[in-house]
Amino acid sequence: MSAPLTIAVGADHAGVALKSTLRQALEEAGHSVLDMGTQGPESVDYPDFGAAVAEAVQAGRARYGVLVCGTGIGISIAANRLPGIRCALVHDSTGARLSREHNDANVIAFGARMTGVEPALEALRAFLATPYAGGRHDRRVLKLSPDWTRTP
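So in the numbering used here, spot 111 of the sequence shown is number 112, and the numbers just go up one at a time.
Listed below in structure tokens is the structure:
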């Protein structure tokens, strides 16, 4: 993976096992991890964990965020509600690489019921290793910002 970073991780009850695996891989790679929960199989609300990770990235306490719920859909929607967060739901390393390269994604989301452990680990490695390409993508990423307004 890349140079040591601080990365916030979070999951609901459906994603807690995959989150633990991803957290372990991050720590083994030398990254600092802020674990925003949850820690067990008891039913919890995924928006709480999506928001907690997004807030850590938004505030600069973490460079990137990693989220997991059953499908990855709800938790990514929750994260994307915060200004400045570009959370990409990915299923493989190609999607992860392109989310960084083209979209400057700062949070990655996985569906524990949709993506296996090995593809998720490969995607996480690709996400962290890929820089934002800039250039032609800048105007598009700018349009993802909360203060952009579409003119007819």
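Ideal Cβ placement from N, Cα and C applies to all residues, glycine included.
Cross-strand partners of residue i (DSSP beta bridge)
i    : result
S146 : According to DSSP, which records beta bridges pairwise, S146 is partnered with nothing at all.
D93  : D93 is not bridged to any residue.
Y133 : According to DSSP, Y133 bridges with nothing at all.
G112 : C70
T22  : Paired residue(s): none; T22 is not in a bridge.
Short Cβ contact (8 Å threshold) for residue i with residue j
i    : j    : result
V17  : P42  : yes
D142 : V54  : At residue 142 the sequence reads Val, which differs from the Asp that was named. Not in contact: V142 and V54 (Cβ atoms no closer than 8 Å).
L125 : L23  : yes
G61  : G112 : no
Where residue i sits in the DSSP three-state scheme
i   : result
Y47 : helix
I78 : helix
A12 : strand
A57 : helix
A63 : coil
Y39 : For the sequence presented, residue 39 should be read as Thr rather than Tyr. T39: coil per DSSP, three-state reduction.
Same chain only: Cβ atoms within 7 Å of residue i, ignoring 5 sequence neighbours per side
i    : result
E119 : none
V58  : A9, Y65, G66, I86, N107 and V108
Straight-line gap, residue i to residue j (C-alpha atoms, nearest Å)
i   : j    : result
G31 : R101 : 21 Å
Same chain, Cβ closer than 6 Å to residue i, five either side skipped, listed in chain order
i    : result
A110 : L68, G73, I76, S77, C88 and L90
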